[in-house]
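**Q** Just remember that this note's numbering sits 109 ahead of the position in the sequence shown, which is counted from 1. Idealized CB from N, CA, C, for every residue including glycine.
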Amino acid sequence: MCAALKNDGVPFGGINMIFAGDFAQLPPAMGGKALYAHDVGRVIHRTHDHLKQKASIGKAVWHQFTTQRSQTAEDAKLQTALENLRYRACTPQDIKLIQSRVAGHGPGRPKLNQPRFRDVSVITSWNTYRDKINELGCERFAKENDQTLSTFYSVDKLGSETDSNKVNPARATNIVNSELQDMLWDLSHHQSEHHPGKLSLCIGLPVMIKVNEATECCVTNGAEGVVVGWTSRPISEDKVALDTLFVKLTAAPSKVQVKGLPENVIPLVHQTRKVKCKLPNGKLIEINRDQVPVVPNFAMTDFASQGRT
Numbered sequence: 110m111c112a113a114l115k116n117d118g119v120p121f122g123g124i125n126m127i128f129a130g131d132f133a134q135l136p137p138a139m140g141g142k143a144l145y146a147h148d149v150g151r152v153i154h155r156t157h158d159h160l161k162q163k164a165s166i167g168k169a170v171w172h173q174f175t176t177q178r179s180q181t182a183e184d185a186k187l188q189t190a191l192e193n194l195r196y197r198a199c200t201p202q203d204i205k206l207i208q209s210r211v212a213g214h215g216p217g218r219p220k221l222n223q224p225r226f227r228d229v230s231v232i233t234s235w236n237t238y239r240d241k242i243n244e245l246g247c248e249r250f251a252k253e254n255d256q257t258l259s260t261f262y263s264v265d266k267l268g269s270e271t272d273s274n275k276v277n278p279a280r281a282t283n284i285v286n287s288e289l290q291d292m293l294w295d296l297s298h299h300q301s302e303h304h305p306g307k308l309s310l311c312i313g314l315p316v317m318i319k320v321n322e323a324t325e326c327c328v329t330n331g332a333e334g335v336v337v338g339w340t341s342r343p344i345s346e347d348k349v350a351l352d353t354l355f356v357k358l359t360a361a362p363s364k365v366q367v368k369g370l371p372e373n374v375i376p377l378v379h380q381t382r383k384v385k386c387k388l389p390n391g392k393l394i395e396i397n398r399d400q401v402p403v404v405p406n407f408a409m410t411d412f413a414s415q416g417r418t
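This is the structure in structure tokens:
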């Protein structure tokens with residue numbers, strides 16, 4: 110923006126900017142510093158490396174903004190407590206409020222066996238835990254609702270890799286042999302960049318969309334919903350793949366109406382993505398995977414939970 114306006118002396122080229130979001134989120138997942146980190150200074154020194162300079166510039170620009178918090182009245186105390194928690198600055202009132210929400214057997218404590226908590230996502234720090242909770246959640250949901258899980262498989266083809274530290278399967282054919290295919294299907298979802306090899310679904314099962322499919326229809330990465338139907342196609346004698354998955358959005362900010370479908374029901378079609386899969390031996394292999402971009406939603410990571418209430 111500075112380059113476009115030919116004004117690099119002020120942030121954003123001198124244009125007034127409004128940002129909406131949570132300025133006290135977790136640090137970046139792949140390294141880097143949060144804007145509120147105490148070890149990031151607002152003054153650039155010539156001894157700083159490139160990354161430290163960028164962090165300092167970012168923090169300095171952030172402090173030029175006028176911050177206005179916006180939340181509903183009933184969320185104000187919890188929002189304040191969570192923000193103070195991230196800054197390690199909780200007051201006695203904050204601690205009392207947080208402790209009052211700890212589930213337990215004592216009188217007045219929230220009970221996890223209440224129906225409204227039954228299918229609420231568990232927030233965990235690790236993708237491995239998330240995938241296992243989701244796997245068990247699918248089995249439990251189907252059993253409790255007297256349904257049978259239908260398993261849908263991805264269609265995988267070999268890609269190519271030139272990195273010497275990775276498997277390079279490029280050859281005359283891009284067909285995946287049966288042994289490797291079974292291994293790829295059995296990987297946890299986080300080991301294939303959250304583009305699943307297998308999806309076990311039934312009607313009503315909670316899912317989370319993993320791509321920005323249509324922002325104008327609220328079909329975005331992290332959108333939550335429940336399965337209401339699907340169409341599929343056979344890919345072998347005993348396996349099928351999804352063509353279209355129909356999902357009813359459960360937390361859309363506005364009503365969505367797709368012609369021919371009930372309110373808030375959207376179609377998700379299968380799509381091919383280039384995916385790097387981590388094999389059990391630690392090696393990486395790049396494939397082209399065709400699958401509907403959703404995962405079960407009985408658990409999510411702390412990063413995925415940011416900005417939700």
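Would you check if the stretch 319-336 and the stretch 399-408 touch, i.e. whether three or more CB-CB distances between them fall below 8 Å?
**A** Yes: at least three Cβ pairs fall under 8 Å.
**Q** From Gln290 to Met409, what does the alpha carbon distance come to, in whole angstroms?
**A** Each residue's alpha carbon lies about 27 Å from the other.
**Q** Could you check if Ile124 is buried or exposed, using at least 16 other CB atoms within 10 Å of its CB as the buried criterion?
**A** Ile124 comes out exposed.
**Q** From Phe121 to Cys327, what distance separates their C-alpha atoms?
**A** Taking the straight line from one Cα to the other gives about 28 Å.
**Q** Closest to Ala143 by C-alpha separation, out of Ala169, Ser345, Lys220 and Glu248, would be which residue?
**A** Nearest of Ala169, Ser345, Lys220 and Glu248 to Ala143, Cα basis: Ala169.
**Q** With Ser263 and Pro305 assumed to form a contact (beta carbons below 8 Å), what rounded beta-carbon distance in angstroms separates them?
**A** Between Pro305 and Ser263 the Cβ distance is about 7 Å, and since that is below 8 Å, they are a contact.
**Q** Closest to Trp294 by CA distance: which of Val320, Asp255 and Lys348 is it?
**A** When only C-alpha atoms are compared, the closest one is Lys348.
**Q** Would Asp240 and Ser297 be called neighbours here (beta carbons separated by less than 8 Å)?
**A** Yes, these two residues count as a Cβ contact at 8 Å.
**Q** Less than 7 Å between C-beta atoms, sequence neighbours within five positions excluded: which residues of the same chain meet that for Thr359?
**A** Glu333, Gly334 and Val335.
**Q** Measuring only the C-alpha atoms, how far is Ile396 from Lys385?
**A** The straight-line gap from Cα to Cα measures roughly 6 Å.
**Q** Give me the Cβ distance between Asn236 and His299, rounded to the nearest whole Å; I'm assuming they're in contact under 8 Å.
**A** Rounded, the Cβ-Cβ distance is 3 Å, consistent with contact.
**Q** Tell me the residue span of the alpha helix (DSSP H) that contains Gly141.
**A** Taken as a continuous stretch (DSSP letters only), Gly141 belongs to no alpha helix (DSSP H), as it is neither H nor E.
**Q** Measure the alpha-carbon distance for Asp255 versus Val378 and round it to whole angstroms.
**A** Taking the straight line joining both Cα atoms gives about 27 Å.
**Q** Between the beta-carbon of Leu388 and the beta-carbon of Met317, is there less than 8 Å?
**A** No, Cβ-Cβ distance for Leu388 and Met317 is not below 8 Å.
**Q** Return the CA-CA distance between Ala413 and Ile127, expressed in angstroms with no decimal places.
**A** About 23 Å.
**Q** Span of the alpha helix (DSSP H) holding Asp411?
**A** Run containing Asp411: Asp411 to Ser414, per the alpha helix (DSSP H) assignment.
**Q** Would you kindly work out how many angstroms separate the C-alpha atoms of Ile107 and Leu354, rounded to a whole number?
**A** Because the chain here runs from 110 to 418, residue 107 falls outside it and cannot be looked at.
**Q** Which complete beta strand (DSSP E) runs does the stretch 299-362 hold, if anything under 3 residues is left out?
**A** Those beta strand (DSSP E) runs which fall completely within the stretch 299-362 and span 3+ residues are 307-310, 315-318, 333-343 and 349-358.
**Q** Measuring straight from C-alpha to C-alpha, what distance separates Arg195 and Val229?
**A** The alpha-carbon atoms of Arg195 and Val229 are separated by roughly 23 Å.
**Q** Classify Phe407 as buried or exposed, calling it buried when 16 or more other Cβ atoms lie within 10 Å of its own Cβ.
**A** That one is buried.
**Q** Based on the DSSP secondary-structure assignment, which residues constitute the bridge partners of Lys383?
**A** Bridge partners of Lys383: Asn397.
**Q** Can you give the Cα-Cα distance for Arg342 and Asn390, rounded to whole angstroms?
**A** If I take the Cα positions, the gap works out to 32 Å.
**Q** Whose C-beta lies closer than 8 Å to the C-beta of Ser234 among residues of the same chain, with five residues either side of it excluded?
**A** These residues qualify, in order along the chain: Thr410 and Asp411.
**Q** Quick one: complete alpha helix (DSSP H) runs, 4+ long, within the stretch 174-222?
**A** Correct list: 185-195 and 201-209.
**Q** Taking just the CA atoms, how far does Lys368 sit from Glu325?
**A** For Glu325 and Lys368, the distance between alpha carbons rounds to 15 Å.
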